[in-house]
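The opening residue of the sequence shown carries number 35 in the working numbering; numbering runs sequentially from there.
Ideal placement from N, C-alpha and C gives every residue a C-beta, glycine not left out.
Values in this document were obtained by computation on a predicted structure and should not be read as measured data.
Down below is the structure, laid out as structure tokens.
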Amino acid sequence: MIGLLSIPTWIVHFSSVIEWSLAMVLFYVIGKRMNNVWFKRMPIVMIPYMLSGFCALVYHITEDTWVGLNELQSYLTFFGSCCFAFWAFLFLRSVTATSKSKGVGRG
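Encoded structure:
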């Protein structure tokens, strides 16, 4: 056991942070290729979750001694959820406005 976690748990923690990083890059690249401002903005919204993941890693690397990191992680996760909700609201509002301006759904 490394620290207080087993090796499979460490693998899950590190792979989650790596996966999140790749998702951020992919959203930006796809948004740039599609010229979609909403996909290009998505990585900015994902930053609080990424920081939350780093807090979890550091918390466990220090063998759970930095108690403040655990609390910071929960606040970052909550803030990340709020950011995603706000992004989704703005995204759906823009899609609705675009479909109305194009006359989609009119008989």
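Below 8 angstroms on the Cβ atoms is my contact criterion, and I expect residue i with residue j to pass it. Report the Cβ-Cβ distance as a whole number of Å.
| i | j | result |
| --- | --- | --- |
| W72 | F125 | 5 angstroms |
| Y83 | T111 | 7 angstroms |
| V79 | F118 | 6 angstroms |
Let me make sure I understand the geometry here. Which of the options has the alpha-carbon closest to that of residue i?
| i | options | result |
| --- | --- | --- |
| M76 | C89, P42, V59 | V59 |
| S108 | F120, T96, F88, W121 | F88 |
| S128 | F113, A57, N70 | N70 |
| L106 | W121, T96, L85, S115 | L85 |
(request) Answer yes if the region 44-51 comes into contact with the region 98-114, meaning at least three C-beta pairs across the two stretches below 8 angstroms, and no otherwise. (result) no
(request) Please go through the region 50-102 and give each complete beta strand (DSSP E) segment of 3 or more residues, from N-terminal end onward. (result) none
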